[in-house]
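Have a look at the structure below before the remarks.
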Amino acid sequence: MAISENRKLKKWIIIIAGIVIFVLIVLVIAHGSEDDWIRDSRGVWIKHGNPTNIPTEVAEQQELIAKAQELYRKAKEQKQNLVTGPCLGKISADWVADIVHSPRQDVDGLPQNQCSDFRQGLVSHFIELDPDGNILKVD
Numbered sequence: 002m003a004i005s006e007n008r009k010l011k012k013w014i015i016i017i018a019g020i021v022i023f024v025l026i027v028l029v030i031a032h033g034s035e036d037d038w039i040r041d042s043r044g045v046w047i048k049h050g051n052p053t054n055i056p057t058e059v060a061e062q063q064e065l066i067a068k069a070q071e072l073y074r075k076a077k078e079q080k081q082n083l084v085t086g087p088c089l090g091k092i093s094a095d096w097v098a099d100i101v102h103s104p105r106q107d108v109d110g111l112p113q114n115q116c117s118d119f120r121q122g123l124v125s126h127f128i129e130l131d132p133d134g135n136i137l138k139v140d
């Protein structure tokens, strides 16, 4: 009789261990990769951990940000008054770069203070930089 109970105990231990292992595997899969890309509150893709590749949308955004920062650099070199929030211009077919206050103010959202291409619906997206060239929003 002791042998039978011993087998039942071993069987239950194996079943419980299997369930625990299964739950742990599900949790790891559901949690996702530590090495991934996530969007921050500004809409900018940032590394989370050490991802092995750069997704297309991340690479495209990085290129757009570099173009916006280049327009900013040129405006700064030309001593353009950036405190007034000028539109820096188009950075691609559907994107513009714009200067806004930091922190962003209600006046920045007024149509007359937005890039004309965005206002006219010629582009759908923008990158907002503050007068110091820091990214405030990517949309």
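If you count the sequence shown from 1, position 49 lands on 50 in this note's numbering, and the numbers rise without skipping. All residues carry an ideal CB built from backbone N, CA and C; glycine is no exception.
{"Item": "Residues that residue 93 bridges to, as DSSP identifies them", "Value": "96"}
{"Item": "C-beta contact flag for residue 52 and residue 41 at 8 Å", "Value": "no"}
{"Item": "Reduced DSSP secondary structure (H/G/I, E/B, other) of residue 40", "Value": "strand"}
{"Item": "Own chain, CB closer than 7 Å to residue 96, minus 5 neighbours either side, in chain order", "Value": "65, 124, 126, 127 and 128"}
{"Item": "Inter-residue spacing [alpha-carbon to alpha-carbon] between residue 89 and residue 54", "Value": "31 Å"}
{"Item": "Assigned secondary structure, residue 55 (DSSP; H/G/I helix, E/B strand, else coil)", "Value": "coil"}
{"Item": "Nearest residue (CA-CA) to residue 99, options 63, 121 and 136", "Value": "136"}
{"Item": "Span of the beta strand (DSSP E) around residue 139", "Value": "136 to 139"}
{"Item": "Beta carbon of residue 112 nearer than 8 Å to that of residue 120", "Value": "yes"}
{"Item": "Buried or exposed (CB count within 10 angstroms, at least 16 for buried), residue 101", "Value": "buried"}
{"Item": "Burial state of residue 26 (16 or more Cβ within 10 Å)", "Value": "exposed"}
{"Item": "Outcome for residue 94 when other beta-carbon atoms lying within 10 angstroms are tallied against a minimum of 16", "Value": "exposed"}
{"Item": "Neighbour-count burial assignment, residue 62, 16 or more Cβ in a 10 Å radius", "Value": "buried"}
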